[in-house]
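Notes follow once the structure below has been shown.
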Ligand code: PHE
């Protein structure tokens with residue numbers, strides 16, 4: 082019964098597209114190069130790939146299992162699965178909703194920048210500029226009195242508008258054509274970057290692992306980045322999982338999404354690091370890395386104006402499909418728990434996010450009091466979610482699916498009318514029960530002790 086009332090994805094393609102829409106975003110194009118650049122390049126990449134494939138995918142499957150079995154938001158999912166009116170495991174749901182708020186707050190800061198940069202691209206503001214001028218543009222924009230705030234609020238409003246229209250109409254439709262287009266334009270950019278003079282040095286930095294650089298900090302950063310990039314560990318995919326049809330194969334969807342997400346992150350690295358080395362931008366430049374290297378690359382390209390414009394249009398949309406999935410966690414929870422309409426829930430969620438989000442955006446001003454030493458409010462929110470809340474949420478999720486939900490229930494969800502080979506089923510259960518929790522716990526504890 083509940084199934085009929087809930088909105089749902091129309092097809093298997095719908096799940097893949099919506100999940101990929103959630104996964105692909107600033108995490109790949111902005112945050113991944115930033116993290117790889119500050120955590121040793123190749124050493125980070127190798128740890129990242131291992132974690133994304135070995136822990137990220139099983140975690141994604143676990144979230145789908147919980148969501149589809151419970152058919153509800155991440156808060157009540159655990160009560161339902163436990164068959165009780167209250168369950169200690171609901172803490173995962175609470176953590177997830179808090180996490181969704183906090184991520185959305187700082188994510189929309191950068192989302193706002195993408196809108197601002199779309200405007201700059203349209204106005205051809207990068208043409209003929211040298212590196213110093215492009216860097217100055219970034220500093221001027223992020224430190225501007227009201228522009229970044231305005232862009233952030235526009236972005237939040239756009240997100241709310243889509244979410245109000247519901248899962249199928251809103252979320253599915255926007256991603257279907259636009260994500261493949263983004264991939265295509267990134268391939269073109271890659272080719273351009275590979276012809277730049279610093280390509281060799283950039284590729285060496287990005288692909289050549291210096292194992293001595295692998296520290297506890299690198300491990301937790303790679304873990305946090307892979308969870309962040311795959312949208313796992315905070316209930317977004319429990320929510321999307323609850324819209325998956327009974328007969329859809331979620332294992333292949335999860336594998337497909339992980340591969341696509343990883344591919345886009347690696348492509349972003351192949352675009353950004355050769356460019357950074359060519360133009361003399363430090364790979365550990367942090368927040369400004371993507372927003373200074375990319376305009377420089379476009380400037381060197383034939384047809385750069387059009388490519389730049391198209392790229393930022395697609396980036397805005399990729400970012401929007403991620404913010405939608407974040408707001409959807411909040412909206413699904415508020416509508417089902419407080420029994421208010423989607424519209425109201427979206428407004429409440431948006432206003433709540435906006436209040437914290439303003440602080441994140443203002444903390445980029447050079448004289449901002451919202452800085453503690455080198456750390457901005459933005460950094461604090463980013464670290465709190467990616468390095469603490471998501472790993473903790475991920476750990477609890479695999480423990481729940483591996484040890485609490487019951488093997489038959491899990492296998493029942495995984496098998497899809499016995500279409501999944503036995504070996505694969507066993508492999509997934511092994512990873513979810515043993516490998517993933519142990520690995521997450523070790524990494525989490527090791528960084529706390531550093
Ligand atoms: N995965 C998104 C990205 O890479 C960000 C995100 C995190 C979205 C968590 C939803 C949940 O941009």
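In this note's numbering, the protein residues as written are 82 to 531. Think of the CB as a built atom: it goes at the ideal place given N, C-alpha and C, for glycine as much as any other residue.
Annotation for residue 147: the continuous alpha helix (DSSP H) segment containing it runs 138–151.
The residue among 383, 200, 206 and 238 with its C-alpha nearest the C-alpha of residue 228 is 200. Residue 401 is classed as buried because its beta carbon has at least 16 other beta carbons within 10 Å across all chains shown. Between the segment 170–181 and the segment 408–415 there are three or more inter-stretch CB-CB distances shorter than 8 Å, so the stretches are counted as touching. In the structure shown, residue 211 falls within a coil segment according to DSSP collapsed to helix, strand and coil. The segment 471–485 and the segment 91–108 do not touch, with fewer than three beta-carbon pairs separated by less than 8 Å.
Our two residues, residue 165 and residue 496, have alpha carbons roughly 26 Å apart in a direct line.
Note: residue 452 is bridge-paired with 457 in the DSSP secondary-structure output.
Looking at 161, 138, 113 and 136, the one whose alpha-carbon comes closest to that of residue 148 is 161.
For the pair residue 446 and residue 153, the Cα-to-Cα distance works out to about 41 Å. One thing to note: residue 190 has its Cβ within 8 Å of the Cβ of residue 441. Contact check for residue 313 against residue 530 fails: the beta carbons are separated by 8 Å or more.
Annotation for residue 211 indicates a beta carbon at 7 Å or more from all heavy atoms of ligand 1. Remark: C-beta atoms of residue 100 and residue 259 do not approach each other more closely than 8 Å. By the 16-neighbour rule on beta-carbons within 10 angstroms, residue 453 is exposed. Under the three-state reduction of DSSP, residue 323 is assigned to coil, being neither helix nor strand. DSSP, reduced to helix, strand and coil, places residue 191 within a helical segment of the structure shown. Per the Cβ contact rule, the segment 479–496 is in contact with the segment 504–520 (3 or more Cβ pairs under 8 Å). Counting the other CB atoms within 10 Å of its CB gives residue 242 a total below 16, which places it among the exposed residues.
Per DSSP, residue 296 is not a residue of any alpha helix (DSSP H), being assigned neither H nor E.
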